[in-house]
Every structure is written in C-alpha cells, then in structure tokens.
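In my numbering, the protein residues as written are 5 to 219.
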Amino acid sequence: MITIAPSILSADFANLGRDVQRVREADWLHVDVMDGMFVSNISIGVPVVKSLRKFTDQFLDVHLMIEKPVRYVDAFADAGADLLTVHLEADMPPGIQAALAAMERRGVRKGIALRPITAAEAVLPYLDKVDLILVMTVEPGFGGQAFMADQLPKIAAIRRYIQERNPACRLEVDGGVDPVTARQVVEAGADVLVAGSAIYGAPDPAQAIRALRGE
Ligand SMILES: O=C(CO)[C@@H](O)[C@H](O)COP(=O)(O)O
Ligand SMILES: [Fe+2]
Numbered sequence: 005m006i007t008i009a010p011s012i013l014s015a016d017f018a019n020l021g022r023d024v025q026r027v028r029e030a031d032w033l034h035v036d037v038m039d040g041m042f043v044s045n046i047s048i049g050v051p052v053v054k055s056l057r058k059f060t061d062q063f064l065d066v067h068l069m070i071e072k073p074v075r076y077v078d079a080f081a082d083a084g085a086d087l088l089t090v091h092l093e094a095d096m097p098p099g100i101q102a103a104l105a106a107m108e109r110r111g112v113r114k115g116i117a118l119r120p121i122t123a124a125e126a127v128l129p130y131l132d133k134v135d136l137i138l139v140m141t142v143e144p145g146f147g148g149q150a151f152m153a154d155q156l157p158k159i160a161a162i163r164r165y166i167q168e169r170n171p172a173c174r175l176e177v178d179g180g181v182d183p184v185t186a187r188q189v190v191e192a193g194a195d196v197l198v199a200g201s202a203i204y205g206a207p208d209p210a211q212a213i214r215a216l217r218g219e
C-alpha cells in the first residue's frame with residue numbers, strides 16, 4: 005500500500021487551509037520544519053502544526069530539519085504531530101537516541117531521516133526502534149529540486165534491512181518525487197511518497213495524488 009504525503013512547503017501559506025483542503029484525499033500531510041541552522045532555509049514550526057491539528061484529521065508527518073531536535077519533541081507532541089522525523093545528522097548519537105526516547109514517552113511515532121550523503125548502514129543502530137525511515141532524494145532545505153537518482157540503491161538497501169529486521173517500518177522518500185520518479189522509488193522499495201511541487205504545481209492536486217499512486 006502506497007501512502008502519499010503532500011508537502012505543504014509548496015502550498016500558499018496565505019491560503020493554507022484552502023491548500024490543505026485541496027489534498028484531503030491524501031491520508032498524510034507532510035510538514036517541513038526548518039530552523040535556518042540545520043538547513044539554510046527557515047519555514048514553519050509548532051504553531052502551524054497546532055493550527056493544522058484543529059483543521060484536519062490527516063496524519064501529521066512532521067519532518068524536523070532542525071539541530072538538536074530533542075529540544076522540541078514535547079512541543080510538537082503537544083501541538084498534535086502524529087509522527088516526528090529527526091535527521092541522523094542533526095545531533096550526536098546520544099541526542100538522537102534521546103529524541104527517539106522522548107517520542108516513545110509521548111506516544112508519537114518515530115522517524116529518522118538521512119541526507120543524500122549519509123549511507124544506508126547509518127540506520128542500523130536505530131532500525132528496531134523506529135516506525136519510519138526517510139530517505140532524502142534532494143539536499144534538504146527547499147522544494148522544487150531535481151530528484152537524485154543516485155539514491156535509488158540506498159532505498160533498495162534500506163528496504164532489505166527493513167525486511168530483515170523490522171518489517172512494519174515504513175520507508176518514505178522525499179524530494180523531486182513526480183509520477184515518473186515515484187515509480188522508480190516504489191520499485192526500489194519505498195511505500196510513503198512525499199511530494200510538494202508535483203502536487204501543488206499541478207492544475208488538479210487530487211488528480212496529481214492519484215497519478216503518484218499510479219492510478
Ligand atoms: O523536505 C523537503 C525539502 O527539504 C521536502 O519535503 C520538499 O518540500 C519536497 O518538495 P518537492 O521536491 O516535492 O517539490
Ligand atoms: Fe520533507
């Protein structure tokens with residue numbers, strides 16, 4: 005089963021409620037949080053997640069592109085995030101483990117994300133503790149970038165690790181996903197597809213969601 009997670013980074017923030025309505029047929033909503041430190045861009049944070057939680061029943065998939073994310077787990081849990089994904093590069097190992105432990109305490113689903121430079125093997129110490137692994141297929145920080153096909157072998161390698169060690173874990177791909185690259189990442193083993201520009205840049209976002217599902 006393929007899950008589509010529209011990224012609201014490509015929405016019109018002045019009309020966010022309208023743009024969330026436009027993707028209501030997707031089960032998930034992908035929320036990109038950027039701090040201007042882990043990535044150069046600054047996007048949105050806790051108050052927007054809180055407002056989204058009141059507005060939609062969609063599963064709130066919050067991608068934290070922030071340094072030392074353990075500092076914000078409680079705040080995003082209070083705001084109503086369903087899943088928090090932290091980058092392995094965003095802290096030293098005790099910090100990432102502390103972030104995952106805090107999510108466990110709060111009953112929030114736990115994800116880890118990898119920049120393109122980070123090898124598949126980096127997930128191994130965490131694989132039995134997480135609900136989702138996110139492979140970035142662009143450098144994190146901005147929507148609308150070109151898909152990095154050199155990440156496909158990494159997706160396939162992580163799918164093999166998941167099958168061996170934690171088959172319930174989801175494998176999400178984020179960056180440059182469109183109907184063509186969607187097929188490639190699904191073939192490699194992804195089962196959650198994030199898409200920003202391919203959905204919000206399309207004349208009919210609902211149709212774009214169906215196209216990403218291969219319907
Ligand atoms: O996390 C990020 C960017 O850092 C993404 O979630 C983007 O928002 C995806 O946008 P597209 O590449 O699909 O336009
Ligand atoms: Fe993202």
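Note that CB positions come from ideal geometry on N, CA and C, so glycine has one too.
Shown here, S47 sits in coil according to DSSP, grouped into three states, outside any helix or strand.
The set of residues with CB atoms less than 5 Å from any heavy atom of ligand 2 reads, in chain order, D36, H67 and D178. Distances from the CB of M152 to the heavy atoms of ligand 1 are all 7 Å or more. Following the DSSP letters along the chain, one finds F63 inside the beta strand (DSSP E) bounded by residues F63 to M69.
The distance from the Cβ of A212 to that of G180 is about 14 Å, inconsistent with a contact at the 8 Å cut-off. Comparing C-alpha distances from R22 to each of W32, G49 and L56 shows the shortest one belongs to L56.
Counting only runs of 3+ residues, the beta strand (DSSP E) found wholly inside the segment 111 to 186 occupies 113 to 118, 136 to 140 and 174 to 178, in chain order. Rounded to whole angstroms, the gap between the alpha carbons of G145 and A30 is 23 Å.
The beta carbon of R174 is closer than 7 Å to those of D135, L136, D195 and V196 in its chain, skipping five residues each way along the sequence.
For L128, the distance from the CB to the nearest heavy atom of ligand 1 is not below 7 Å. In this chain, the beta strand (DSSP E) harbouring P10 covers T7 to P10. Distances from the alpha-carbon of Q25 to those of G218, A215, E219 and D208 put D208 closest. Rounded to whole angstroms, the gap between the alpha carbons of E125 and V53 is 32 Å. In the assembly as shown, E191 is an exposed residue. Its beta-carbon has fewer than 16 other beta-carbons within 10 Å. The beta carbon of L33 is closer than 8 Å to those of A9, P10, I12, V24, V27, L56, T60, Q62, F63, L64 and D65 in its chain, skipping five residues each way along the sequence.
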